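Numbering of the sequence shown is given in my numbering, commencing with residue 107 and proceeding in unit increments.
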Amino acid sequence: MSSQTAVSRDHAPQQTRGSATPVNTARGGEGPLPEKLLAVDAPALATAALLEGPFSGSGTALTRDELDGFHRSIETTAARPRVMMLGLRGIPDVQGGVEKHVEMLSTRLVALGWGVDVIGRQRYLPKTASYSWSGIRVFPLWAPRSMALEAIVHTFFGVCFAALRRPDVLHIHAIGPALLVPLARLLGLKVVVTHHGYDYDRQKWSSFAKRMLKLGERMGMRLAHGRIAISKEIVETMGERYGVPVALVPNGVAISPWSGGTGILDEFDLTRRRYILLAARLVPEKRQTDLIRAFASLGGTGVKLVLAGSAEFETPYAAKVRAMAEGVPGVVLTGFQSGHRLAELFANAALFVLPSSHEGMPIALLEALAHGLPVLASDIVANRELALAPDDYFPLGDIDALAAALAKKIANPPTDDAVRTQIAHVEATHSWASVAQKTLSVYRALAR
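Laid out in structure tokens, this is it:
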């Protein structure tokens, strides 16, 4: 691969196991790291963290055999420029917008000649040992089963693992994991951070967690070598807040042509074009409870409400959604769905609704648009950035307005011409191929 199409490995941190790694101090917007931090025995520090754990009794990310096996795999993957993805639960078919983003981006990067490693969390993945999927190497690392600690502890282990693997680029996704950018810099890694949304606005977090997320945003924007945001509003806000350049790389959308054959409609007693769909995790900011209340007020329309999604942790909100669903006829909880089964739900729905109070750039809404579905979305900034028609929005939290909009949409399905126009527009403006090329532009800039 030419130097014009990839980050040169001459610019990547090079070392052998046990050697000291000087930290590259070049970065945008900040001065050099303190002199006492300029030389760190990165492999020794990383190995100790992975095998012994960051805290006594917390568990370890790897066994000695797993670590040795990962080292042996380095030689077989060293020919191409490599990026390591961190900050997500895992791929493939793992619930979450960041997970979908990394899954779709990674497959495109492989097609463009890059090697891609993804560090995932063991409990979300089908195997505990490393495995390959679509040309991508997935490394499951242990993380505590705790909503508050899972992401940050896993990211710590992931950064240490990256220090051993020496990728050309460590690409950290989301502002929580970005809290570990200083450690990655200390260990001599080239770091790119993607800002997927203001996670400190999520209702589920405590005030302390929100402060840590804001600190993670600051660390990511200040200290990363490259910065990406998925929406224009985030790009502008980060530029104003931190005075640093941030590349705009919106989420993409890819549509499965699958419309039938999995049996999911029969399984949940659903009829084509006779159900409303929301595909989202059961977390407070997705506001499934608003949609259930609005749906309950519609009366006997013969239309069902399908909520596709689950909760990673059992929470009072998830329990509330289940209890409300049991009390309203026609509400169907399918649990988390992916692949052909989810595609079949999208392809046969009458309407997609996203009542969220928080989004970065909603991939599920993009998928609904690309399936040609009529949509309703709350009028938050992230949803409005998609510039839908005025009657595709409703005021956040206004149950009566949502109910009226639901009734109107169900009574007035779109024409075939409108569906074709909508699909063509989304495919033209939100291509994953474009996402990959824009991301590579950020990677290439690190070699200059």
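Note that the Cβ used here is the ideal one computed from N, Cα and C, for glycine as well.
A quick note: this is a predicted structure, and the numbers were derived from the prediction, not measured.
- Taking C-beta atoms under 8 Å as the contact rule, Arg188 and Gly221 qualify, at a distance of about 4 Å.
- Straight across, the Cα-Cα distance linking Leu482 with Arg324 is about 33 Å.
- For Tyr237, DSSP records a beta bridge to Val244.
- In this chain, the beta strand (DSSP E) harbouring Thr440 covers 437 to 441.
- For Arg333, the enclosing beta strand (DSSP E) begins and ends at 332 to 335.
- Bounds of any beta strand (DSSP E) do not take in Leu286, whose DSSP letter is neither H nor E.
- The C-alpha of His207 lies about 11 Å from the C-alpha of Pro198.
- Rounded to the nearest angstrom, the Cβ distance from Gly219 to Ile281 is 30 Å, too far for a contact under 8 Å.
- Between the alpha carbons of Pro288 and Ile278 lies a gap of roughly 12 Å.
- Counting every other CB atom within 10 Å of its CB across the protein chains shown gives Ala517 a total below 16, marking it as exposed.
- Around Gly241, the same chain offers Val216 as residues with beta carbons nearer than 6 Å, after the five sequence neighbours per side are excluded.
- Of all alpha-carbon atoms in Ala470, Asp223, Arg428, the one lying nearest the alpha-carbon of Ser444 is that of Ala470.
- For Arg227, the beta-bridge partners assigned by DSSP are Leu247.
- Boundaries of the alpha helix (DSSP H) around Leu508: 505 to 517.
- Apart from the 5 residues on each side of it in sequence, Phe245 sits with its Cβ closer than 8 Å to the Cβ of Phe176, Asp223, Val224, Ile225, Gly226, Ser236, Phe267 in its chain, given in chain order.
- Val222 sits in a strand when the DSSP states are folded into three classes.
- For Met327, the three-state secondary structure derived from DSSP is helix.
- A direct Cα-Cα distance of roughly 18 Å separates Thr343 from His331.
- Within the model, the alpha-carbon separation for Gly415 versus Ala476 is close to 20 Å.
- DSSP places Tyr306 within a helical segment (H, G or I) once states are collapsed to three.
- By the Cβ neighbour-count rule, Leu276 is buried, with 16 or more other Cβ atoms within 10 Å of its own.
- Taking the Cβ atoms as the reference, Asp523 lies roughly 25 Å from Phe500, outside the contact range of under 8 Å.
- Residue environment for His260: buried (at least 16 other C-beta atoms within 10 angstroms of its C-beta).
- In the three-state reduction of the DSSP assignment, Lys410 falls in the strand class, which pools E and B.
- Burial is judged here by how many other beta carbons sit within 10 angstroms of a residue's own beta carbon; Leu211 has at least 16 and is buried.
- Distances from the CA of Val389 to each of Gly202, Leu293, Phe374 were compared; the closest alpha carbon is that of Gly202.
- Under DSSP, Arg188 shares a beta bridge with Gly221.
- Bridge pairing for Thr300: His279, Ile334 [DSSP].
- Of all alpha-carbon atoms in Gly358, Leu451, Thr395, the one lying nearest the alpha-carbon of Lys544 is that of Gly358.
- Comparing alpha-carbon positions, the option among Leu384, Pro468, Ser313 lying closest to Arg490 turns out to be Pro468.
- Between Met318 and Phe419, the C-beta spacing is not below 8 Å.
- A distance below 8 Å separates the beta carbons of Leu354 and Val341.
- Of the candidates Leu472, Pro273, Leu247, Lys410, the residue whose Cα lies closest to the Cα of Ile361 is Leu472.
- Assignment of Val216 by DSSP, reduced to helix, strand and coil, places it in the helix class.
- Rounded to whole angstroms, the separation of the alpha carbons of Ser462 and Lys392 is 4 Å.
- The beta carbon of His464 sits closer than 6 Å to the beta carbons of Asp307, Arg308, Glu391 from its chain, once the five residues preceding and following it are set aside; these are given in chain order.
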